[in-house]
Every structure is written in structure tokens, then in C-alpha cells.
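Reviewing the structure listed below.
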Amino acid sequence: MTTTGIRLHAPAAGWSIAADVVVVGSGVAGLTAALRCEAAGLRTVVVTKARLDDGSTRWAQGGIAAALGEGDTPEQHLDDTLVAGAGLCDEEAVRLLVTEGPDAVRRLIETGARFDESEGELALTREGGHHRRRIAHAGGDATGAEISRALVEAVRARGMRTVENALVLDLLTDAEGRTAGVTLHVMGEGQHDGVGAVHAPAVVLATGGMGQVFSATTNPSVSTGDGVALALRAGAEVSDLEFVQFHPTVLFLGPDAEGQQPLVSEAVRGEGAHLIDADGVRFMVGQHELAELAPRDIVAKGITRRMLEQDAEHMFLDARHFGAEMWEHRFPTILAACRAHGIDPVTAPIPVAPAAHYASGGVRTDSHGRTTVPGLYACGEVACTGVHGANRLASNSLLEGLVYAERIADDIAANGLHARVPQPLPHPEVPEHPLQTPEARFTIQRIMTAGAGVLRSAGSLTKAADQLQRLHTDAKEALAENGKTAEAGVDTWEATNLLCVARVLVAAALLREETRGCHWREDRPERDDSAWRRHIVVTLNPDRTLAVHTTDTTDFPPTAFPPQAPQEQ
Numbered sequence: 001m002t003t004t005g006i007r008l009h010a011p012a013a014g015w016s017i018a019a020d021v022v023v024v025g026s027g028v029a030g031l032t033a034a035l036r037c038e039a040a041g042l043r044t045v046v047v048t049k050a051r052l053d054d055g056s057t058r059w060a061q062g063g064i065a066a067a068l069g070e071g072d073t074p075e076q077h078l079d080d081t082l083v084a085g086a087g088l089c090d091e092e093a094v095r096l097l098v099t100e101g102p103d104a105v106r107r108l109i110e111t112g113a114r115f116d117e118s119e120g121e122l123a124l125t126r127e128g129g130h131h132r133r134r135i136a137h138a139g140g141d142a143t144g145a146e147i148s149r150a151l152v153e154a155v156r157a158r159g160m161r162t163v164e165n166a167l168v169l170d171l172l173t174d175a176e177g178r179t180a181g182v183t184l185h186v187m188g189e190g191q192h193d194g195v196g197a198v199h200a201p202a203v204v205l206a207t208g209g210m211g212q213v214f215s216a217t218t219n220p221s222v223s224t225g226d227g228v229a230l231a232l233r234a235g236a237e238v239s240d241l242e243f244v245q246f247h248p249t250v251l252f253l254g255p256d257a258e259g260q261q262p263l264v265s266e267a268v269r270g271e272g273a274h275l276i277d278a279d280g281v282r283f284m285v286g287q288h289e290l291a292e293l294a295p296r297d298i299v300a301k302g303i304t305r306r307m308l309e310q311d312a313e314h315m316f317l318d319a320r321h322f323g324a325e326m327w328e329h330r331f332p333t334i335l336a337a338c339r340a341h342g343i344d345p346v347t348a349p350i351p352v353a354p355a356a357h358y359a360s361g362g363v364r365t366d367s368h369g370r371t372t373v374p375g376l377y378a379c380g381e382v383a384c385t386g387v388h389g390a391n392r393l394a395s396n397s398l399l400e401g402l403v404y405a406e407r408i409a410d411d412i413a414a415n416g417l418h419a420r421v422p423q424p425l426p427h428p429e430v431p432e433h434p435l436q437t438p439e440a441r442f443t444i445q446r447i448m449t450a451g452a453g454v455l456r457s458a459g460s461l462t463k464a465a466d467q468l469q470r471l472h473t474d475a476k477e478a479l480a481e482n483g484k485t486a487e488a489g490v491d492t493w494e495a496t497n498l499l500c501v502a503r504v505l506v507a508a509a510l511l512r513e514e515t516r517g518c519h520w521r522e523d524r525p526e527r528d529d530s531a532w533r534r535h536i537v538v539t540l541n542p543d544r545t546l547a548v549h550t551t552d553t554t555d556f557p558p559t560a561f562p563p564q565a566p567q568e569q
């Protein structure tokens with residue numbers, strides 16, 4: 001592991017906190033890790049970008065998948081996950097997930113999460129890619145909100161130290177390259193404000209996704225890839241970033257709609273809704289044995305193909321046959337979202353189109369959540385554990401956050417990292433690396449949507465790479481000429497992070513010359529196992545160029561011994 005020396009330009013830290021562990025993020029992954037670390041007697045600080053209950057977890061509608069039902073087994077869950085992952089899952093990572101998953105869900109229930117029941121048993125439903133009813137849900141379609149509520153209440157009940165409205169900037173390391181904490185900027189007034197630091201020998205990244213790299217996404221505005229960008233600057237490896245899952249059924253709000261857009265859960269199709277075109281034809285029938293319940297990448301491609309064939313901006317999801325009572329009791333959140341936008345799904349089909357939803361890749365970890373930087377861990381959407389492969393199975397995300405967060409906490413407690421007193425190296429005072437302007441965020445989103453969205457090709461990706469490089473070069477040249485860069489602040493830090501992850505995503509997507517899972521190359525429409533049943537791994541060089549290499553197999557090497565001989569990009 002080599003450090004890059006790259007940091008976001010920011011003022012010097014004006015305050016500091018000492019801890020054994022700092023957890024960055026307050027979704028299912030972050031709060032589960034924090035609670036378990038605290039229970040092990042570790043001084044734990046939770047840092048989150050907005051409020052404790054913000055982030056992507058609260059928006060999860062469908063549920064959490066685990067082999068909890070009669071007749072279901074972890075082996076069957078494993079099989080469904082491997083099929084959805086299109087040949088790129090790390091099978092051992094998946095086996096850990098599905099084997100430890102049921103008990104992890106039971107512990108979540110013990111923490112206070114209340115899932116929907118039927119006759120005293122968990123009411124399990126089915127979603128795309130699952131051959132069994134194994135999805136536990138809460139409040140009909142408000143599973144994430146319920147999980148978030150339970151975990152936030154548990155954190156507050158234990159009086160754990162939290163820092164809200166804080167954007168994490170960079171990883172602190174010591175002279176030997178080991179983790180020594182993080183720098184962060186607290187927005188608004190509170191116990192702390194401005195730039196500060198949390199000194200800790202263990203850092204858990206649980207920062208969520210990077211959906212804001214695209215114009216249309218189901219992710220909240222805070223999902224700007226901060227964790228992946230931080231990890232890259234710290235010298236960590238990032239893998240599988242080309243595999244961005246576009247949820248097939250996102251409420252279509254018009255061709256110019258940008259930012260977070262309402263999700264229409266997979267569970268609606270699981271309960272029998274049909275995808276139709278403007279003529280009322282069920283176009284997924286015959287495309288896959290599961291039709292509308294095929295894995296997400298297949299359904300997203302099916303919708304996109306039909307849109308292209310008919311020169312249409314969207315397709316429709318028809319669930320009129322549910323009736324008002326079922327909509328009101330099973331899917332109240334979706335019903336309210338539709339009606340808020342002038343659509344009543346009880347009487348009319350819902351206009352839907354694919355939108356960026358989930359990053360299957362992220363910071364590369366081992367089975368204990370360890371990255372290639374000593375003391376830095378990652379779990380949840382920010383991580384790449386190998387569980388999802390080329391396409392995540394529906395409702396496996398909450399489970400992955402839960403299971404791997406527990407494994408991380410156990411590893412930190414067992415390895416005695418807290419016994420080490422971190423001695424962080426000082427940060428530079430002058431801007432050595434440029435920041436992007438706030439306006440660059442929207443430029444990046446437009447570039448990525450046009451060139452690296454559902455449909456990709458060598459031409460579209462090369463154009464996107466050139467445009468992103470121009471943004472990078474212009475800022476670099478401006479700094480070199482007059483010693484100035486965009487003013488340090490949340491908007492410029494987020495835009496800089498977005499550019500960082502966008503460049504990595506495009507480089508990986510351009511290199512992978514095949515179609516697999518949710519990576520769809522129009523110019524390379526076939527899956528090529530002989531050349532591409534392997535992972536693409538990216539690191540950041542000190543000069544901000546990208547070092548890209550591939551693994552030999554679908555299994556990741558140990559994080560302590562990263563592969564050598566990358567090719568320059």
C-alpha cells in the first residue's frame with residue numbers, strides 16, 4: 001500500500017476528538033458497526049453528513065433478504081445471488097452473507113426493528129431474482145425507515161457520541177501509513193463547527209453510494225461518493241466501480257428532471273404488477289423466465305430496449321388490479337409519492353424509467369471489511385466485498401451492510417487496534433491539489449448520464465473520459481498559473497469527490513470490453529468469460545492519474561497483499 005499524498009484543500013483543523021473507532025455514516029452499516037463496537041467497550045464516535053436518520057437506508061422500500069422462511073435455505077439464497085451477480089461474485093463472500101444473514105436479522109429485531117408479520121410469523125415477500133419469498137419488510141414499503149428508526153433510537157439510548165452535519169474530508173495516517181483518524185467539516189453551529197479531526201486508530205467507512213454522479217438517481221443529495229474518493233486519496237484500492245445498478249422502475253418525472261427521484265420498489269412487481277408499453281403490451285414476457293421478476297439488470301435493459309424501439313421516454317408499471325385497499329396497506333409510501341406527482345396508481349399505470357440506484361462496486365475489502373490501508377474498514381454500499389458481483393440481487397444491500405458491519409466490529413475488537421495511540425502526520429496548509437467549482441457537479445452529472453449511463457459504448461465512454469479529464473486539467477492549470485483554486489467548502493469538496501469517482505467509473509467501464517450484469521456495452525453486447533471473468537481494480541497515483549489492473553480470478557486477493565504491475569491510464 002502506497003499513500004498518494006493527495007488531500008482535499010481545506011483549512012487546518014480547529015478542534016479534535018479522541019476515540020478508539022470513528023464510524024463515518026449512519027445507515028444500517030454504520031450504526032450496526034457503531035453499536036457493536038460500543039458494546040465491545042470501544043470508545044466510538046459516529047460522524048454523519050446530515051442527520052443520523054438521513055442517507056440511503058431510510059429510503060429502502062423493498063426489504064431485507066434472508067433465508068428465514070419455511071423451506072428456504074442459505075444455499076438457495078446463495079444460488080440466487082450468484083446468478084444475479086453474473087459470474088463475478090466472490091462465492092466465499094456470498095456464503096458468509098447468506099449463512100450469517102438470518103441470525104443478523106434476528107439481532108436487528110432484538111435491537112428494536114419491527115417487521116411486518118402475518119399470523120405471528122414474519123410476512124415474507126418475493127422480489128426480482130429470488131426463487132423464494134425471503135424478503136422481510138416493515139410498514140409495507142417503509143423497511144429502511146423502520147430499520148433506521150430502530151438503530152438511531154438504540155444509538156441515542158446508549159448515549160453514544162455523534163457528530164451530525166459533518167462532511168468527512170480525508171483520512172489521517174501516521175508515518176507508517178496506518179490509519180490515524182479523519183478530518184471533517186461540520187456545517188452549521190453546534191458543539192463543533194468548521195474543520196476538525198477525530199483521532200482514532202480504526203476508521204469504518206459506511207458513507208453509502210455515489211448516485212449523485214448521474215443526473216437522475218434514487219439516492220439522496222448527500223450520496224456524492226465521498227467515501228470512495230477519500231479511500232482513493234488514502235491509497236486504498238477500489239474495484240468493480242463500472243457496475244452501477246440502474247433500478248428499472250423509478251417514477252418518471254420528465255426528461256429534464258434531476259436529482260433524487262422516487263423509487264417504485266421491486267416488491268410491487270413481486271406482488272404481481274406488470275411492465276407494459278404505451279400499447280399495453282407486457283414486453284418482459286418471453287425475455288426471461290421470470291419476466292418482470294428477472295434480475296434488475298435484465299429488467300432495466302428490457303425497459304431501455306423498448307424505449308429505444310418505440311422512441312419513448314418511459315414505460316409503464318401497471319398495478320391497477322391491486323385495488324385501493326392493497327395499495328394503501330402494502331405500499332402506502334409509493335402510493336403517496338405517486339399521488340404527490342399527480343399519478344394515481346389505483347386508476348392509472350405508473351410511468352417509469354431506469355435511474356442510477358446502487359454502486360455494486362466500491363472500496364475493496366476482505367471478509368472482515370479490511371481495506372488495503374491498515375486500520376481502514378469499509379462496509380455497506382461504499383464497500384466492494386465481492387458479494388454483489390456484476391449486479392446486486394434485490395434486497396441484499398441492507399443484509400450486506402448488517403452482516404459485514406458486525407464482522408468489522410468483531411475484527412476491530414479482536415485485534416486490539418484501540419491500544420495504539422494514533423500520531424497523524426500534519427496536513428499541508430497551501431492548496432497542492434485543485435478543487436472543482438460548485439457548478440462542476442452538474443457538468444459531471446450531464447457527462448456521466450450521456451456517456452456512462454444504462455447504455456455505454458467505446459465512443460460514449462471515450463468522450464466522457466475526455467470531458468472529465470478536461471475538467472481535471474483546467475482546474476490543475478488554473479492552480480499552477482495563479483496559485484488559486486475554487487474556495488474550499490462543501491459544494492467544492494463534493495464536486496471534487498464526484499469528479500474523482502466519475503473518472504474511475506469511466507476508466508473501468510471503458511476497459512471492460514464486454515456486457516455483464518449492469519454494465520451494458522452496445523459495441524460489445526456479449527459476455528466474455530474467457531477474458532473478463534475477473535475484477536478491475538483502480539488506485540490513485542500521487543500525480544492524480546489512475547493505476548488500473550485486473551485480478552486473475554473472481555476471487556479477490558488478500559487486502560494485505562495487493563497485486564502489482566498496474567497499467568497507467
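Take the sequence shown: its letter number 309 is residue 309 in full-length UniProt numbering, and every next letter is one higher. By construction, the Cβ of each residue, glycine as well, lies at the ideal position given by its N, Cα and C atoms.
query, result
"Contact between the region 33 to 43 and the region 212 to 224 (3+ Cβ pairs under 8 Å)", "no"
"DSSP bridge partner residues for residue 579 (one or two, in chain order)", "This structure does not reach residue 579, given that the chain is present from 1 up to 569, and the question cannot be answered."
"Threonine 179 - containing beta strand (DSSP E), residue span", "179 to 186"
"Runs of alpha helix (DSSP H) wholly within the region 520 to 559 (minimum 4 residues, chain order)", "529 to 532"
"Straight-line Cα distance separating leucine 8 from alanine 486", "11 Å"
"Residue burial classification, lysine 484 (beta-carbon count within 10 angstroms, cutoff 16)", "exposed"
"Beta-carbon spacing of serine 147, leucine 108 below 8 Å", "Inspection of the sequence shows that residue 147 is occupied by isoleucine rather than by serine. Yes, they are a contact pair."
"Three-state secondary structure (DSSP) of glutamine 436", "coil"
"Coil, strand or helix - threonine 224 by DSSP", "coil"
"Classification of asparagine 497 by the beta-carbon crowding that lies within 10 angstroms, buried from 16 upward", "buried"
"Of the residues His368, His185, Glu271, Gly270, the one placed nearest arginine 407, counting alpha carbons only", "His368"
"Sufficient close CB pairs (3 or more, under 8 Å) joining the region 237 to 252 to the region 522 to 530", "no"
"Given alanine 356 as reference, the closest of Phe246, Trp520, Gly270 once Cα atoms are compared", "Phe246"
"C-alpha distance - glutamine 260 paired with alanine 502, whole-angstrom precision", "18 Å"
"Coil, strand or helix - threonine 81 by DSSP", "helix"
"Opposing strand residues paired with tyrosine 377 [DSSP bridges]", "Val204, Arg370"
"Three or more C-beta pairs below 8 Å linking the region 44 to 64 and the region 254 to 273", "yes"
"The beta strand (DSSP E) enclosing isoleucine 147, as first and last residue numbers", "Element bounds for isoleucine 147: not the beta strand (DSSP E) but the alpha helix (DSSP H), 143 to 157."
"Coarse secondary structure for phenylalanine 214, derived from DSSP in three states", "coil"
"Beta-carbon contacts of arginine 533 that lie in its chain and below 8 Å, excluding the five residues immediately before and after", "Gly87, Leu88, Thr553, Thr554"
"Length of the line joining the Cα atoms of aspartate 170 and aspartate 72", "43 Å"
"Glutamate 328 in three-state terms, based on DSSP", "helix"
"Residues sharing a beta bridge with arginine 516, DSSP", "His519"
"Buried versus exposed, by CB contacts within 10 Å (16 or more), phenylalanine 442", "exposed"
"DSSP-derived helix/strand/coil call for threonine 162", "strand"
"Contact set for threonine 365: own chain, Cβ-Cβ below 8 Å, skip 5 residues either direction", "Thr371, Tyr377, Ala378, Cys379, Ala383, Cys384, Thr385, Tyr404, Thr559"
"Distance between beta carbons of histidine 519 and alanine 359, contact taken as under 8 Å", "Not really, about 12 Å apart at Cβ, beyond 8 Å."
"CA-to-CA distance, arginine 544 to aspartate 141, given in whole angstroms", "43 Å"
"Residues near isoleucine 510 by beta carbon distance below 8 Å, same chain, minus five either side", "Note on residue identity: the sequence assigns leucine, not isoleucine, to residue 510. Result list for leucine 510: Ala458, Leu461, Thr462, Ala465, in chain order."
"Residue of Val186, Ala348, Ala200, Gly139 minimising C-alpha distance to arginine 43", "Ala200"
"Residues near arginine 282 in its chain [Cβ-Cβ closer than 7 Å; skip 5 each side]", "His274, Leu275, Ile276"
"Lysine 476 versus arginine 470 - alpha carbon distance", "10 Å"
"Aspartate 297 versus glycine 517 - alpha carbon distance", "6 Å"
"Alanine 66 and glycine 112 closer than 8 Å at C-beta", "no"
"Check whether threonine 179 and alanine 10 have beta carbons under 8 Å apart", "no"
"Endpoints, the beta strand (DSSP E) within which serine 397 is located", "From DSSP, serine 397 is part of no beta strand (DSSP E) but of the alpha helix (DSSP H) over 397 to 415."
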